[in-house]
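Have a look at the structure below before the remarks.
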Amino acid sequence: MARTMLQVPQDKLQGVSISLYLIWIFLEFVALDMISLKISDVFIQYGQSDIEISCVVNCSNQINVDGIQLLRSNIPILSLTSNNEIKWHDLELESRSEATTKPSCRDGDVSYLRVEIPSSRIKPVKDSGPYMCRLRGFTRHDTPFHENSGIIMLNITGGFDASRSSKDSEQGGMLRLYRAMIILTGIMISFILALIMVREVRMHYFQREAK
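Counting from 353, one number per residue, gives the positions in the sequence shown under my numbering.
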């Protein structure tokens with residue numbers, strides 16, 4: 353009976369130890385908070401300033417970085433792979449921008465993945481929107497994890513008005529052409545009807561003369 357009473361606290365102690373270990377692992381994940389998103393300016397005037405977007409990792413000996421990813425509207429556009437290579441998912445953006453990276457991640461240092469879009473090559477509709485960074489890695493206990501940064505909305509002004517003005521101008525030109533074609537068609541129909549009327553009058557006149 354005494355032996356059984358001694359085993360109960362020991363079993364409880366093992367359960368408490370496991371619970372504390374799981375809580376510690378959970379707190380380790382929560383405390384990481386290692387990746388952040390930085391944008392040069394969230395309000396961009398079209399054609400006046402470049403866009404610079406960076407995913408910055410605060411390095412720690414608590415984790416091993418396996419990959420960094422930049423997303424727009426929750427769709428990956430650029431990644432830094434586990435081999436420290438830049439991989440483009442948005443090939444159109446690749447053709448009009450430049451990506452740089454600092455892949456090494458030592459304790460107390462920073463690593464980053466950055467994309468720069470020149471002001472002359474910005475596309476307001478496509479480049480505007482919510483951006484986010486994603487970090488993949490392993491803890492020092494070889495537990496895989498991923499962490500997302502906060503979301504930042506990039507706003508580009510000016511380009512929409514220019515596009516709309518151009519579109520309105522094109523529509524106005526098409527409308528004027530359409531009106532001109534209608535007027536010309538109306539004139540031609542009126543001319544043909546006039547010829548038919550003259551022909552009918554002449555035929556009626558000649559028929560009367562023949563009688």
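We put the CB at the ideal spot given by N, CA and C, even for glycine.
Model, not experiment: these values are computed from the prediction.
Smallest Cα separation from residue i: which of the options?
i	options	result
Ser501	Cys485, Thr491, Asp494	Cys485
Glu404	Ile541, Leu506, Ile427, Val462	Leu506
Arg492	Met555, Ile415, Ser406, Leu536	Ile415
Gly399	Ile474, Thr433, Ile548	Ile474
Asp494	Met555, Val417, Val462, Ser401	Val417
Leu389	Val462, Tyr483, Leu536, Pro470	Tyr483
Ser406	Arg458, Gly538, Glu499, Ala451	Ala451
Asn413	Gln421, Val462, Trp440	Val462
Met385	Asn410, Lys439, Leu547, Gly419	It is worth fixing the name first, because residue 385 is Asp in this sequence and not Met. Measuring from the Cα of Asp385, the nearest candidate turns out to be Asn410.
Asn435	Lys454, Ala546, Ile427, Ser472	Lys454
So for residue i, helix, strand or coil by DSSP?
i	result
Val409	strand
Pro476	helix
Met505	strand
Arg528	helix
Leu358	For Leu358, the pLDDT reaches just 43, beneath the cut-off of 50, and the residue's location in the model is therefore unreliable, although a value from the coordinates is still provided. It is helical.
Thr340	An answer regarding residue 340 cannot be provided, because it is not within the stretch 353 to 563 covered by the chain.
Glu446	helix
Thr537	helix
Val553	helix
Ser401	coil
Gln414	coil
Ser425	coil
Ile548	helix
Ser388	strand
Tyr464	strand
Looking at the ligand COA, does it come within less than 6 angstroms of residue i, judged from the CB to the closest heavy atom?
i	result
Ser472	This structure lacks the ligand COA, and indeed carries no ligand of any kind.
Taking the continuous beta strand (DSSP E) assigned at residue i, which residues delimit it?
i	result
Glu499	496 to 500
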